[in-house]
Amino acid sequence: MTLAIEARDLRKTFGREVRALDGVSFAVEEGTVFGLLGPNGAGKTTAVRILTTILSPDAGAGFVLGHDVVTEANRVRTLIGLAGQYAAVDENLTGRENLTMVGRLNHMARDVVATRANELLAQFGLSDAGDRPLKTYSGGMRRRLDVAAALVARPKVLFLDEPTTGLDPQSRADVWEMIRELVGEGTSVLLTTQYLEEADTLAQRIGVVDHGRVIAEGTPTQLKADLGATVLDVGFADVSLATQGAGVLGAVGAKSPTVVGTMVELPVDDGPRVAMEVLRLLDQHALVPTTFRIREPSLDDVFLVLTGKRTETDGDEPTGNSNDGQRRRRHTPVAAATSDGGTP
Amino acid sequence: MSITTVIAPGAGLAPGADPAMPGGVGRLRWAVADALTVTKRNLIAYTRIPEALFFSTLQPIMFVLLFRYVFGGAIHPGDGLSYIDFLMAGIFVQSVGFGGIGTAVGLADDLQKGLIERFRTLPMARSAVLAGRTTADLVRNVFVLLLMTGVGALVGFSFPNGALGFIAACALVLLFAYALLWGFAVIGLTAPNSETAQVMAFPILFPLIFASPAFVPLSSMPNWLRWFATNQPLGAVITAERSLMLGGAHVPGSTAGHVLVALAWCVGFLVVLAPLAVWRYRKT
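Following this line, the structure appears as structure tokens:
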């Protein structure tokens with residue numbers, strides 16, 4: 001079976017110092033959504049730019065439907081669409097003019113482009129705004145047009161680079177709905193995002209990227225199983241109390257707690273029940289929390305858990321990492337965690 | 345892909361929707377069609393910012409009025425020539441010169457805003473972004489020259505060498521403007537953002553435009569400056585253009601000789617600057 005997208009050990013360094021990609025590999029099956037999840041600067045966008053023929057990799061190779069993105073760049077360009085933070089639309093043109101321009105540059109005939117532009121404007125709820133310059137569009141409308149522009153030539157493979165960053169919840173839901181429809185029609189999608197929830201909702205598989213590497217890969221269920229369903233944040237008055245607190249709470253969570261500053265973060269499977277136990281334990285040890293919160297796991301937690309795991313397998317003390325928890329999150333290469341959750 | 349397609353955007357007929365890249369003639373037709381698509385986009389953009397269009401054409405008009413009425417009385421071109429007849433050749437080159445800053449700013453802006461990233465993901469000719477930008481700006485220059493001609497006529501320009509000489513002079517200015525645009529394209533592709541592009545272009549232009557025979561006769565300059573003003577590219581083009589506009593009698597040397605030197609500069613600029621711009625474009 002042909003893969004929609006394949007990245008093989010992609011490497012890219014900007015200038016002498018900035019290593020944007022440090023060996024990124026992943027594969028996207030046809031007709032599926034693959035989510036690349038990671039914080040700003042993790043290398044998601046660089047990977048997308050290489051796979052969409054904008055940039056050449058220093059080493060490694062990328063393929064779209066079996067075609068090499070470097071040696072067969074023109075062929076690849078006929079197969080893909082890109083929408084995202086860096087591939088812009090022209091704000092001086094109207095929505096329709098933008099779509100027409102992209103269609104004509106895809107060498108579609110004039111009448112075909114006109115029909116397609118109407119179709120897309122209707123599909124994205126922009127029919128009324130189609131003949132207004134983009135300058136007058138709201139952020140959500142502009143993003144929808146951006147995605148529409150990527151779809152003019154009916155690409156088989158769609159790259160969406162942070163399509164919802166900065167959007168309000170309603171616009172975000174609209175974009176999600178649209179992605180689902182496209183996948184229903186057989187389009188393969190590579191989605192980059194900073195939001196765990198987004199990857200969770202849309203993607204069949206997720207690759208977690210940090211420091212230019214894929215540090216974990218799996219289905220959303222696998223990744224969340226690794227994480228615990230919810231997170232308890234317990235704040236203390238100072239770092240030493242927080243460290244004590246983490247020691248006391250070491251056994252109650254689904255994972256070992258992590259100390260970030262004066263805050264203890266505890267991934268748990270059964271939030272309310274564990275919350276009661278946590279309060280009881282703290283009370284027994286005469287530790288008074290300053291803040292207490294139950295929340296959904298965030299991307300940060302994924303990294304904490306991934307890096308935490310590595311420390312455990314290395315044989316470090318699971319909870320004794322309070323002082324360097326922060327540092328490890330930022331600087332330690334965590335490739336060893338890749339095997340966790342990679343395959344079921 | 346080559347420069348030749350860039351210079352001659354003639355027939356813009358649309359090929360079919362075949363997604364594969366053709367070779368030979370088909371490829372050339374695509375390059376031309378793509379260049380025209382980008383040209384159209386740039387021209388539409390100009391009409392959507394009427395303020396920019398208005399104020400960028402206001403500036404050369406103000407220069408005409410400034411030199412005609414404020415400085416003109418103090419400058420004597422000699423030879424029984426009226427200052428406005430002398431001035432027009434200089435004003436034309438000055439207008440297309442400063443107008444070129446818009447090319448640099450526009451390209452830097454496209455880069456900055458990510459539009460060029462979008463273009464790079466499309467199966468379009470790589471040459472089209474630069475060809476489309478320079479062609480659109482050439483069209484803008486035609487518009488500016490027409491306007492300048494009107495304003496010049498209103499304040500007393502008398503077309504001393506007749507319509508034919510004047511049209512030949514305009515053609516020369518447009519060719520030079522087009523060659524110069526590739527230099528501005530290099531600046532636009534080198535600058536980190538559009539503001540910097542503007543600041544970078546200005547100090548390169550300023551001495552070339554003002555240390556030239558554009559506004560004052562060479563005879564008023566010290567020898568060393570006169571040598572520079574005569575031989576630098578803008579000076580050479582202004583002299584040739586003036587010779588065409590006024591007739592050989594008012595400009596020392598043969599018109600044909602001046603025009604040849606000016607044409608040599610145009611070709612030289614194109615041969616050097618166009619590949620340089622294309623190279624910068626591929627690198628960014």
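Just so you know, the protein sequences line up as chains A and B, in that order. Following the numbering used here, the numbering of the first sequence begins with 1 at its first residue and continues without gaps. Following the numbering used here, the numbering of the second sequence begins with 345 at its first residue and continues without gaps. C-beta: ideal position from N, C-alpha, C; glycine also.
What separation, rounded to the nearest whole angstrom, lies between the Cα atoms of residue i and residue j?
{"i": "B:A621", "j": "B:L533", "result": "7 Å"}
{"i": "A:L279", "j": "A:S240", "result": "18 Å"}
{"i": "B:T628", "j": "B:F436", "result": "33 Å"}
{"i": "B:W609", "j": "B:A513", "result": "15 Å"}
{"i": "B:V616", "j": "B:L402", "result": "32 Å"}
{"i": "B:G360", "j": "A:M108", "result": "Reliability of the predicted coordinates at B:G360 is poor, the pLDDT of 38 falling under 50, and no value is obtained from them."}
{"i": "B:V486", "j": "B:A521", "result": "10 Å"}
{"i": "B:L431", "j": "A:T165", "result": "55 Å"}
{"i": "B:I582", "j": "B:P504", "result": "16 Å"}
{"i": "B:I419", "j": "B:G500", "result": "16 Å"}
{"i": "B:P536", "j": "B:D423", "result": "49 Å"}
{"i": "A:L202", "j": "A:P267", "result": "23 Å"}
{"i": "A:S322", "j": "A:I294", "result": "Low per-residue confidence applies at A:S322: pLDDT is 36, beneath 50, and the placement is therefore not dependable enough to give any value."}
{"i": "A:T319", "j": "A:K255", "result": "Below a pLDDT of 50, predicted positions are generally treated as unreliable, and A:T319, at 36, falls in that range; the measurement from the model is reported next regardless. So the alpha carbons of these two residues sit roughly 10 Å apart."}
{"i": "B:L455", "j": "A:R49", "result": "14 Å"}
{"i": "A:N40", "j": "A:A47", "result": "13 Å"}
{"i": "A:L282", "j": "A:Q244", "result": "10 Å"}
{"i": "A:S56", "j": "A:T219", "result": "29 Å"}
{"i": "B:P467", "j": "A:T78", "result": "6 Å"}
{"i": "A:E317", "j": "A:D168", "result": "Note that A:E317 scores a pLDDT of 33, beneath 50, so its modelled location is shaky; the value from the coordinates is reported in the next line. For A:E317 and A:D168, the distance between alpha carbons rounds to 42 Å."}
{"i": "B:V530", "j": "A:E181", "result": "43 Å"}
{"i": "B:T493", "j": "B:P394", "result": "21 Å"}
{"i": "A:D269", "j": "A:T230", "result": "6 Å"}
{"i": "B:A480", "j": "A:A27", "result": "43 Å"}
{"i": "A:L160", "j": "A:D200", "result": "15 Å"}
{"i": "B:F411", "j": "A:F124", "result": "55 Å"}
{"i": "A:L120", "j": "A:A129", "result": "12 Å"}
Around the C-beta of residue i, are 16 or more other C-beta atoms found within 10 angstroms, so that it is buried, or is it exposed?
{"i": "B:A389", "result": "buried"}
{"i": "B:F442", "result": "buried"}
{"i": "B:Q438", "result": "buried"}
{"i": "B:V369", "result": "exposed"}
{"i": "B:L498", "result": "exposed"}
{"i": "B:N386", "result": "buried"}
{"i": "A:V18", "result": "exposed"}
{"i": "A:P155", "result": "buried"}
{"i": "A:D365", "result": "Residue 365 of chain A is absent from the structure shown; chain A starts at 1 and stops at 344."}
{"i": "B:N567", "result": "exposed"}
{"i": "A:D174", "result": "buried"}
{"i": "B:W526", "result": "buried"}
{"i": "A:Y137", "result": "buried"}
{"i": "B:L380", "result": "buried"}
{"i": "B:S598", "result": "exposed"}
{"i": "A:H285", "result": "exposed"}
{"i": "A:T313", "result": "Summary for A:T313: the model assigns pLDDT 30, below 50, so the residue's position carries little reliability; its value from the coordinates is reported in the next sentence. When all chains shown are included, A:T313 counts as exposed."}
Looking at residue i: is its Cβ nearer than 8 Å to the Cβ of residue j?
{"i": "A:L99", "j": "A:A117", "result": "yes"}
{"i": "B:L518", "j": "B:I553", "result": "no"}
{"i": "B:I509", "j": "B:G591", "result": "Per the sequence shown, the amino acid found at residue 509 of chain B is Gly instead of Ile. Taking 8 Å as the Cβ cut-off, B:G509 and B:G591 qualify as a contacting pair."}
{"i": "A:L10", "j": "A:L190", "result": "no"}
{"i": "A:L134", "j": "A:G95", "result": "yes"}
{"i": "A:P257", "j": "A:A246", "result": "yes"}
{"i": "A:A149", "j": "A:V113", "result": "no"}
{"i": "A:V248", "j": "A:L287", "result": "yes"}
{"i": "A:T291", "j": "A:D233", "result": "yes"}
{"i": "B:L516", "j": "B:A606", "result": "yes"}
{"i": "A:A242", "j": "A:M263", "result": "yes"}
With a cut-off of 8 Å on the beta carbons, I'd call residue i and residue j a contact; round off their distance for me.
{"i": "A:D58", "j": "A:T13", "result": "6 Å"}
{"i": "B:A545", "j": "B:I445", "result": "5 Å"}
{"i": "A:G43", "j": "A:G261", "result": "So it is not a contact: roughly 27 Å between Cβ atoms."}
{"i": "B:G458", "j": "B:P557", "result": "So it is not a contact: roughly 43 Å between Cβ atoms."}
{"i": "B:A469", "j": "B:W374", "result": "6 Å"}
{"i": "A:T45", "j": "B:T465", "result": "Incorrect: roughly 13 Å between the Cβ atoms, too far for contact."}
{"i": "A:S25", "j": "A:V209", "result": "Rounded, the Cβ-Cβ distance is 11 Å, inconsistent with contact."}
{"i": "B:T383", "j": "B:G476", "result": "4 Å"}
{"i": "A:G186", "j": "A:G66", "result": "Not really, about 17 Å apart at Cβ, beyond 8 Å."}
{"i": "B:A541", "j": "B:A448", "result": "4 Å"}
Closest Cβ-Cβ distance between residue i and chain D: below 8 Å?
{"i": "B:K627", "result": "Given the protein chain composition of this structure (A and B), no chain D is represented."}
Uninterrupted beta strand (DSSP E) stretches inside the segment 158-207 of chain A (no shorter than 3 residues): 188-193
Secondary structure, alpha helix (DSSP H): runs of 4+ residues fully inside the segment 257-298 of chain A: 271-284
Contiguous alpha helix (DSSP H) assignments of at least 4 residues, all confined to the segment 6-79 of chain A: 44-51 and 73-77
Unbroken stretches of the alpha helix (DSSP H), 4 residues or longer, contained in the segment 491-519 of chain B: none
Runs of alpha helix (DSSP H) lying entirely within the segment 72-126 of chain A, each at least 4 residues, in chain order: 73-77, 95-105 and 110-123
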